[in-house]
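Quick notes on the structure that follows.
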Amino acid sequence: MGLGVEVRHKIARRAAMEIKDGMLVNLGIGIPSLVPDHLPADHTIMFHAENGIVGMGKSPDLGKEDAHLCNAGGYPVTLQVGASYCDSTAAFGMIRKGLVDVTILGALQVSESGDLANWIVPGKRVPGMGGAMELAAKAKKVIVLMNHREKTGSSKLVKNCTLPQTAKECVHMVITEMGVFSVLADGLLLTDLFAPFTIDDIKKYTEASFQVSDTLTVYRE
Amino acid sequence: MGLGVEVRHKIARRAAMEIKDGMLVNLGIGIPSLVPDHLPADHTIMFHAENGIVGMGKSPDLGKEDAHLCNAGGYPVTLQVGASYCDSTAAFGMIRKGLVDVTILGALQVSESGDLANWIVPGKRVPGMGGAMELAAKAKKVIVLMNHREKTGSSKLVKNCTLPQTAKECVHMVITEMGVFSVLADGLLLTDLFAPFTIDDIKKYTEASFQVSDTLTVYRE
Amino acid sequence: MLIQNTFDKICGLTDITYLFKDGMSIMFGGFGGIGTPPGLVNLILDSGIKELTLIGNDTGFPDIGIGKIVTEKRAKKIIVSHIGSNPNAGKYMTSGELEVEFSPQGTLVERMRAGGMGLGGILTDIGLEEEIVNSDKQTVTLAGKSFLVETALTADVSIVYAKKADPYGNLIFDKSARNTNPLAAMAGKITIVEAAEIVPLGTLDPEEVVTPGVFIDHIVESKGVDWQWVWE
Amino acid sequence: MLIQNTFDKICGLTDITYLFKDGMSIMFGGFGGIGTPPGLVNLILDSGIKELTLIGNDTGFPDIGIGKIVTEKRAKKIIVSHIGSNPNAGKYMTSGELEVEFSPQGTLVERMRAGGMGLGGILTDIGLEEEIVNSDKQTVTLAGKSFLVETALTADVSIVYAKKADPYGNLIFDKSARNTNPLAAMAGKITIVEAAEIVPLGTLDPEEVVTPGVFIDHIVESKGVDWQWVWE
Numbered sequence: 000m001g002l003g004v005e006v007r008h009k010i011a012r013r014a015a016m017e018i019k020d021g022m023l024v025n026l027g028i029g030i031p032s033l034v035p036d037h038l039p040a041d042h043t044i045m046f047h048a049e050n051g052i053v054g055m056g057k058s059p060d061l062g063k064e065d066a067h068l069c070n071a072g073g074y075p076v077t078l079q080v081g082a083s084y085c086d087s088t089a090a091f092g093m094i095r096k097g098l099v100d101v102t103i104l105g106a107l108q109v110s111e112s113g114d115l116a117n118w119i120v121p122g123k124r125v126p127g128m129g130g131a132m133e134l135a136a137k138a139k140k141v142i143v144l145m146n147h148r149e150k151t152g153s154s155k156l157v158k159n160c161t162l163p164q165t166a167k168e169c170v171h172m173v174i175t176e177m178g179v180f181s182v183l184a185d186g187l188l189l190t191d192l193f194a195p196f197t198i199d200d201i202k203k204y205t206e207a208s209f210q211v212s213d214t215l216t217v218y219r220e
Numbered sequence: 000m001g002l003g004v005e006v007r008h009k010i011a012r013r014a015a016m017e018i019k020d021g022m023l024v025n026l027g028i029g030i031p032s033l034v035p036d037h038l039p040a041d042h043t044i045m046f047h048a049e050n051g052i053v054g055m056g057k058s059p060d061l062g063k064e065d066a067h068l069c070n071a072g073g074y075p076v077t078l079q080v081g082a083s084y085c086d087s088t089a090a091f092g093m094i095r096k097g098l099v100d101v102t103i104l105g106a107l108q109v110s111e112s113g114d115l116a117n118w119i120v121p122g123k124r125v126p127g128m129g130g131a132m133e134l135a136a137k138a139k140k141v142i143v144l145m146n147h148r149e150k151t152g153s154s155k156l157v158k159n160c161t162l163p164q165t166a167k168e169c170v171h172m173v174i175t176e177m178g179v180f181s182v183l184a185d186g187l188l189l190t191d192l193f194a195p196f197t198i199d200d201i202k203k204y205t206e207a208s209f210q211v212s213d214t215l216t217v218y219r220e
Numbered sequence: 000m001l002i003q004n005t006f007d008k009i010c011g012l013t014d015i016t017y018l019f020k021d022g023m024s025i026m027f028g029g030f031g032g033i034g035t036p037p038g039l040v041n042l043i044l045d046s047g048i049k050e051l052t053l054i055g056n057d058t059g060f061p062d063i064g065i066g067k068i069v070t071e072k073r074a075k076k077i078i079v080s081h082i083g084s085n086p087n088a089g090k091y092m093t094s095g096e097l098e099v100e101f102s103p104q105g106t107l108v109e110r111m112r113a114g115g116m117g118l119g120g121i122l123t124d125i126g127l128e129e130e131i132v133n134s135d136k137q138t139v140t141l142a143g144k145s146f147l148v149e150t151a152l153t154a155d156v157s158i159v160y161a162k163k164a165d166p167y168g169n170l171i172f173d174k175s176a177r178n179t180n181p182l183a184a185m186a187g188k189i190t191i192v193e194a195a196e197i198v199p200l201g202t203l204d205p206e207e208v209v210t211p212g213v214f215i216d217h218i219v220e221s222k223g224v225d226w227q228w229v230w231e
Numbered sequence: 000m001l002i003q004n005t006f007d008k009i010c011g012l013t014d015i016t017y018l019f020k021d022g023m024s025i026m027f028g029g030f031g032g033i034g035t036p037p038g039l040v041n042l043i044l045d046s047g048i049k050e051l052t053l054i055g056n057d058t059g060f061p062d063i064g065i066g067k068i069v070t071e072k073r074a075k076k077i078i079v080s081h082i083g084s085n086p087n088a089g090k091y092m093t094s095g096e097l098e099v100e101f102s103p104q105g106t107l108v109e110r111m112r113a114g115g116m117g118l119g120g121i122l123t124d125i126g127l128e129e130e131i132v133n134s135d136k137q138t139v140t141l142a143g144k145s146f147l148v149e150t151a152l153t154a155d156v157s158i159v160y161a162k163k164a165d166p167y168g169n170l171i172f173d174k175s176a177r178n179t180n181p182l183a184a185m186a187g188k189i190t191i192v193e194a195a196e197i198v199p200l201g202t203l204d205p206e207e208v209v210t211p212g213v214f215i216d217h218i219v220e221s222k223g224v225d226w227q228w229v230w231e
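Protein chains in written order, with numbering that gives the first Met the number 0: chain B, 0 to 220; chain F, 0 to 220; chain H, 0 to 231; chain G, 0 to 231.
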């Protein structure tokens with residue numbers, strides 16, 4: 000995402016605040032994978048992987064990798080206590096039934112009404128949706144972590160998605176390097192501001208319209 | 000079925016001839032349950048139970064029953080070597096996919112074209128179809144073991160079923176105390192005759208029309 | 000060994016009485032009573048609730064499994080594949096006291112699974128030409144072949160029986176008492192498991208877990224059956 | 000220990016070469032190459048067959064899993080949820096050499112399972128409003144809610160990878176290498192398993208068997224992977 004390590008961890012730390020004990024959580028690749036670093040050591044959160052793990056732990060120590068114990072990206076992981084394996088239908092049954100409490104994923108665009116586009120750039124990159132549609136449509140809470148803007152400078156928080164949609168009105172929260180937005184029935188609400196960015200900065204760089212919370216939390220550097 | 004022990008075993012012995020090594024076989028209650036008594040001791044046939052057993056063995060010795068290891072009728076069984084348990088969806092997936100090689104079951108009526116009625120007597124007995132529809136419709140070979148006639152004397156091999164049908168054109172073979180019929184594309188063929196019954200006896204007591212095989216096998220008593 | 004109640008799922012029967020209400024739907028695991036949770040059946044009876052819709056493989060025997068609830072006339076409707084082993088069910092059906100929806104066994108269990116998996120339903124050709132099955136159902140034609148639309152089943156509460164449960168609700172079952180339990184376990188809006196044994200977190204092999212704990216809301220310990228089996 | 004080939008299912012790779020033909024459909028287990036049978040992938044490559052339709056979760060990596068077959072341009076069509084980890088698949092798709100049918104991952108695996116379970120398909124609301132998913136598909140309305148009709152998938156041959164197989168074909172899998180293998184194992188008209196270990200009949204616990212042997216036609220012993228994992 001072209002963000003520095005500190006900013007990436009700032010975003011991950013804020014996302015971690017949305018996760019409570021006992022929840023089932025699915026993390027996408029990139030910044031979302033940093034979220035566990037910001038959870039209490041004695042948490043009882045269970046991590047879900049689309050390839051059939053409930054209770055996926057952190058990366059193994061170097062040399063302790065098991066080629067048959069990997070995350071959905073194909074990289075070695077370990078198990079949490081109380082974990083289980085299942086086949087892919089059960090892994091997605093949990094998602095479709097709404098048992099994933101929080102999914103944290105990246106995005107290409109998010110619209111004012113919470114539409115998500117995160118899987119295709121027509122004519123450029125067509126990787127396939129993988130499990131993104133199920134996660135986006137069915138997780139109880141969908142949190143998007145993304146750069147506020149494209150490399151070209153254009154806003155990724157848009158009035159309407161111009162890229163093909165992954166799922167409609169599915170995003171609950173967007174966290175960027177500038178701040179945190181909640182997607183409410185009447186539109187976006189800026190709830191958190193990451194200094195040194197100002198509300199004016201965000202207004203300038205955001206295509207979507209948004210309200211500012213009366214109880215805006217401002218994070219100093 | 001009101002048949003004597005010897006006759007019941009004669010029917011079961013004939014049915015056993017249709018089962019070959021390596022087959023997956025589902026047996027109904029009543030006479031079908033006697034079939035294993037007539038298989039070679041070293042057979043490699045696997046028995047299927049709708050409640051989730053592949054490799055169901057014979058009844059346990061008295062006092063060795065396990066309430067959690069029972070057949071679909073709720074009576075204790077044992078396991079064959081190589082057995083496995085599964086849930087009810089897998090037990091029926093095997094049936095629907097056509098992996099049950101032979102099912103042997105009872106019937107109220109069988110028609111000339113192999114329609115089966117074996118689950119309901121309207122206004123009298125409506126037990127529900129259980130797994131009969133899947134087994135009748137999808138097993139590779141459906142063998143019906145039944146009395147040739149009702150207690151009232153009327154034929155159970157009929158031109159058209161008057162009782163509600165379990166599945167259409169599904170029966171491949173019918174074995175009664177009088178003989179054995181194959182259901183062919185052009186109708187019933189009597190292939191085996193159990194003496195002392197004669198072809199004339201069968202003609203007299205059978206509503207369905209049938210041909211007699213050129214190579215009729217006659218079983219002396 | 001002391002079991003830590005890490006996920007607040009382990010409880011006593013009295014803790015969950017509040018879940019049971021008149022008119023609710025209850026899905027149950029079990030096949031001919033085998034694998035139906037005896038303590039939860041008694042809890043339902045003791046709670047006095049009525050006008051229930053019961054969903055499961057069959058109605059057990061008159062004094063075994065879910066059959067006890069049917070016998071006591073607590074159900075207004077049952078969705079099952081079979082009532083042959085419980086004459087009371089047939090009697091109440093005939094007298095008009097009990098509505099019965101029959102589903103072929105393989106279809107019924109797929110409908111239960113579909114509910115648990117968040118699907119709308121399944122397509123099957125079983126019963127396509129049998130009126131008891133096909134009446135009032137939509138059909139879909141795929142590549143020239145017709146299929147019945149069979150709808151997913153869910154329930155307000157599912158009750159299941161397991162051999163072992165850990166505090167997360169990971170379950171393993173006992174031989175042929177598995178049957179419909181893994182399906183009912185997934186299809187409840189709330190699922191209660193009665194386990195013969197509750198074991199510490201981390202003691203079940205992750206490979207052997209049949210039902211992942213995420214599907215389970217409440218865990219109670221079983222005191223075993225209080226009925227006599229038909230073969231006893 | 001000597002393994003008795005009681006069911007004539009255990010064989011060498013050369014015994015099953017005859018099963019592979021140009022233009023056939025092949026379903027494969029595995030997720031990002033993990034759990035895809037390496038020996039059977041090589042057998043397919045060595046057999047020289049082409050114009051294949053491949054069905055499975057994804058196209059692996061260029062030199063890992065089913066990706067090797069895609070890279071060698073042996074496929075004319077793939078039915079997958081994802082090709083992102085194999086740039087060759089994207090390149091051939093763009094150049095028109097490879098037809099790609101994308102199915103959301105959870106839908107894809109239910110379609111595979113439905114094929115194995117003898118169902119016509121399933122109903123889901125995933126992708127109902129997304130054109131890549133809903134185009135040319137029928138919808139069914141149940142209680143006012145719309146669902147897509149997603150058709151069952153089967154294949155001429157399925158290839159799967161297991162940790163252990165017994166002579167009947169009863170299978171257990173290895174950690175997250177289970178993934179789509181139990182589904183592919185059921186959905187093939189013919190299913191071949193490559194097992195890390197073949198064990199005597201009766202040595203697998205009947206409770207731990209994930210895939211019952213009745214779904215398996217041929218069993219070969221694995222020599223392990225001949226590729227380097229992305230993290231190595």
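The beta carbon of each residue, even a glycine, is placed where N, CA and C say it ideally should be.
Straight-line Cα distance separating residue j from residue i
i                      : j                      : result
residue 176 of chain G : residue 211 of chain G : 17 Å
residue 154 of chain H : residue 129 of chain F : 21 Å
residue 207 of chain H : residue 172 of chain H : 10 Å
residue 46 of chain B  : residue 94 of chain B  : 12 Å
residue 213 of chain G : residue 57 of chain F  : 20 Å
residue 136 of chain F : residue 112 of chain G : 20 Å
residue 41 of chain B  : residue 82 of chain B  : 16 Å
residue 47 of chain G  : residue 228 of chain G : 25 Å
Chain-ordered chain B contacts of residue i [CB-CB under 7 Å]
i                      : result
residue 228 of chain G : 66
Residue-level contact to chain B via CB, residue i, 8 Å cutoff
i                      : result
residue 213 of chain H : yes
residue 144 of chain G : no
Test item: CB-CB of residue i and residue j under 8 Å
i                      : j                      : result
residue 7 of chain G   : residue 50 of chain G  : no
residue 209 of chain B : residue 105 of chain G : no
residue 63 of chain H  : residue 27 of chain H  : no
residue 79 of chain H  : residue 57 of chain H  : yes
residue 133 of chain G : residue 122 of chain G : no
Below-8 Å beta-carbon distance, residue i vs any chain H residue
i                      : result
residue 30 of chain G  : no
residue 137 of chain G : yes
Three-state secondary structure (DSSP) of residue i
i                      : result
residue 195 of chain H : strand
residue 109 of chain G : helix
residue 130 of chain H : helix
Minimum Cβ-Cβ distance from residue i to chain F less than 8 Å
i                      : result
residue 201 of chain G : yes
residue 5 of chain G   : yes
Amino acids of chain F, ordered along the chain, whose beta-carbon sits closer than 9 Å to that of residue i
i                      : result
residue 148 of chain H : Those within 9 Å of residue 148 of chain H in chain F number zero; the least Cβ separation is about 16 Å.
residue 110 of chain H : Here the premise fails: no neighbours, minimum Cβ distance about 10 Å.
Partner residues on chain G for residue i, Cβ-Cβ distance less than 8 Å
i                      : result
residue 148 of chain B : Near residue 148 of chain B there are no residues of chain G at all, since even the closest Cβ is about 23 Å away, more than 8 Å.
Partner residues on chain F for residue i, Cβ-Cβ distance less than 7 Å
i                      : result
residue 177 of chain H : 51, 84 and 86
Under 8 Å by beta carbon: chain H residues contacting residue i
i                      : result
residue 100 of chain G : Per Cβ cutoff of 8 Å: no residues; residue 100 of chain G is ~15 Å from chain H at best.
residue 137 of chain B : 117
Contact list for residue i against chain H, beta-carbon separation under 9 Å
i                     : result
residue 46 of chain F : Result: empty, since nearest Cβ-Cβ is about 13 Å, beyond 9 Å.
Proximal residues of chain F, C-beta to C-beta of residue i below 8 Å
i                      : result
residue 208 of chain G : 83, 84 and 85
Interface flag, residue i vs chain G, CB-CB below 8 Å
i                      : result
residue 169 of chain B : no
residue 204 of chain B : no
Neighbour flag for residue i against chain D, beta carbons, 8 Å
i                     : result
residue 33 of chain F : Reference to chain D is not applicable here, since the protein chains of this structure are B, F, H and G.
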